[in-house]
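Trainee: Shown below is the structure under consideration.
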Amino acid sequence: MSKTTRKWILGVLIVVFLGVLSYTVRKSIKFEVGNHENYALAAKDMKIKNGIMVFCYHRILNDDATVKTVEALTPNNQLHVYNVNVSAFKAQMKFLSKHHIRVISTSQMVAMLHSHQPIRGKYVVLTFDDVDRTLTENAAPVMKHYGYPYTASIITGATGRYIGGEQLATWPQVMKTYRNAHGKMELGVHTNDMHYLVKGTPVFNLRKNYSKFKTDYATSQKVMATKLGHASSIFTYPYGSGTPQVENFLTAQPTLNVIYTLNNGIVTSVNDLRLTPRMIVTQDSWPSISRWLSR
1 MSKTTRKWIL GVLIVVFLGV LSYTVRKSIK FEVGNHENYA LAAKDMKIKN GIMVFCYHRI
61 LNDDATVKTV EALTPNNQLH VYNVNVSAFK AQMKFLSKHH IRVISTSQMV AMLHSHQPIR
121 GKYVVLTFDD VDRTLTENAA PVMKHYGYPY TASIITGATG RYIGGEQLAT WPQVMKTYRN
181 AHGKMELGVH TNDMHYLVKG TPVFNLRKNY SKFKTDYATS QKVMATKLGH ASSIFTYPYG
241 SGTPQVENFL TAQPTLNVIY TLNNGIVTSV NDLRLTPRMI VTQDSWPSIS RWLSR
C-alpha cells in the first residue's frame, strides 16, 4: 500500500469519525437544550406595569468561528444558557436605548425601594456574575458607549482561574475596568472560593460547610475592602439561591443591602431586596423580556 493511499484512507476515517461524533453530540445537545429550565418571564409578571427588571449575564462571547464551533459541538448546557454573543448583547443594549428604558445601578434601585415611594415606569439593572474576561473585554466597552451603570459579582479568591468553561478576569483587569467605568461599575461578592458543586449541590449549601461558608464570606469582604476601601453591599448567590440557614446568615449582615438570586421576576415597590429576582438573558428569554419592556 502506497503512502498516498494510506493518507487517503486515514483522511476518510477521520471524516467518518467526525461525522459520527457530530451526530452523537448534536443529539446530546438537542436533549440538553430541549430540557433546560424555561427562563422566560412568567405570564403573571408580564402583567406588572411598573417595576425594575434586573438582567443577569455571565459570558459575552465574540462572534467568531471558534466560539460557534465549540457551541455547536458541546452538550454542556451552560454554554448555551449562560452565553450571549457580542452581536446579541449590542442589539440588546441598543434596544434599551431606542426604547428609552432607564438603566439604573443597584444602588439606585436600593434608594428607590428605601424611599417607600411607588415605582413608576419601567427600569433595568444590568448585572454580571463571575466576572470572566469577556466582561472586561467585550461587555464593558458597549456599556461605556451608552453610559450604562452595571454590577459585577466577583469570586474574590478565584480571579484569573479557568473554571466552568470560562477564563475569569484577573484582579488587575477587574480594577482597570472599574477605574475606567468612572463610578458606573459596582462590585458584588460571589463568594471567595465556594463557587462549585458537590454531587449537584452548591458547596456552600451543604450543612456541614455552614461554618466554612461564614469564613468564606468574611474573607471575600476583606478582599473587597482591600481592593475598594470598603466592603460590598451586594451578595450574589452562586447557582441562584441558598438554604434557609444561609439566607438567615446573609440577611443578618449589616453591610448587605441587596442579595441577588436567580428567581425570575420583576422588582416592585413591595419586594424584599434580600431575595432580589433577576432575569437570565438568553435567546429564549429575550423575547419575553423585550415584550415586557416595550409594553
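Residue numbers (UniProt numbering): 1 to 295.
Just so it is clear, CB atoms sit at the ideal spot from N, CA and C, and this is done for glycine as well.
List the residues that DSSP assigns as beta-bridge partners of Glu-247.
Mentor: In DSSP, Glu-247 forms no bridge with anything.
Trainee: Give the DSSP-derived three-state secondary structure of Arg-26 in the structure shown.
Mentor: Note that Arg-26 scores 42 on pLDDT, short of 50, meaning its location in the model is unreliable; the coordinates nonetheless yield the value given after this. Helix.
Trainee: Leu-96 to Arg-102, Cα distance in whole Å?
Mentor: Each residue's alpha carbon lies about 8 Å from the other.
Trainee: Taking the alpha helix (DSSP H) that Ile-155 belongs to, which residues open and close that run?
Mentor: Ile-155 -> no alpha helix (DSSP H), and no H or E assigned at all.
Trainee: For Asn-248, count neighbouring C-beta atoms within 10 Å of its own C-beta (all shown protein chains included) and say buried if the count is 16 or more, exposed if not.
Mentor: Result: exposed.
Trainee: Give the straight-line distance between the Cα atoms of Ala-252 and His-182, rounded to the nearest whole angstrom.
Mentor: Ala-252 and His-182: Cα-Cα distance of roughly 31 Å.
Trainee: If you draw a straight line from the C-alpha of Pro-141 to the C-alpha of Thr-151, how long is it?
Mentor: Roughly 14 Å separates the two Cα atoms.
Trainee: For Asn-85, which residues in the same chain have their Cβ closer than 6 Å to its Cβ, ignoring the five residues on either side in sequence?
Mentor: If we look at Asn-85 and ignore the five residues flanking it on each side, its Cβ neighbours are Leu-61, Asp-63.
Trainee: Tell me whether Ile-266 counts as near the ligand MN, meaning its Cβ is closer than 6 Å to at least one heavy atom of that ligand.
Mentor: The ligand MN is absent from the structure shown, which contains no ligands of any kind.
Trainee: Would you identify the three-state DSSP class for Pro-202, choosing helix, strand or coil?
Mentor: If DSSP states are grouped into helix, strand and coil, Pro-202 belongs with the strands.
Trainee: What residue range is occupied by the uninterrupted alpha helix (DSSP H) comprising Met-143?
Mentor: That run of the alpha helix (DSSP H) goes 140–146.
Trainee: Just to confirm my understanding: we take Tyr-82, look at its own chain, exclude 5 residues before and 5 after, and list those with CB closer than 7 Å. What are they?
Mentor: Within the same chain, Tyr-82 has close Cβ partners His-58, Arg-59.
Trainee: In chain order, what residues of the same chain lie with their CB nearer than 6 Å to the CB of Gly-188, ignoring the 5 residues before and after it?
Mentor: If we look at Gly-188 and ignore the five residues flanking it on each side, its Cβ neighbours are Thr-151, Ser-153, Ser-232, Ile-234, Thr-236.
Trainee: What does the Cβ neighbour count give for Thr-201, buried or exposed, with the cut at 16 atoms within 10 Å?
Mentor: Label assigned to Thr-201: exposed.
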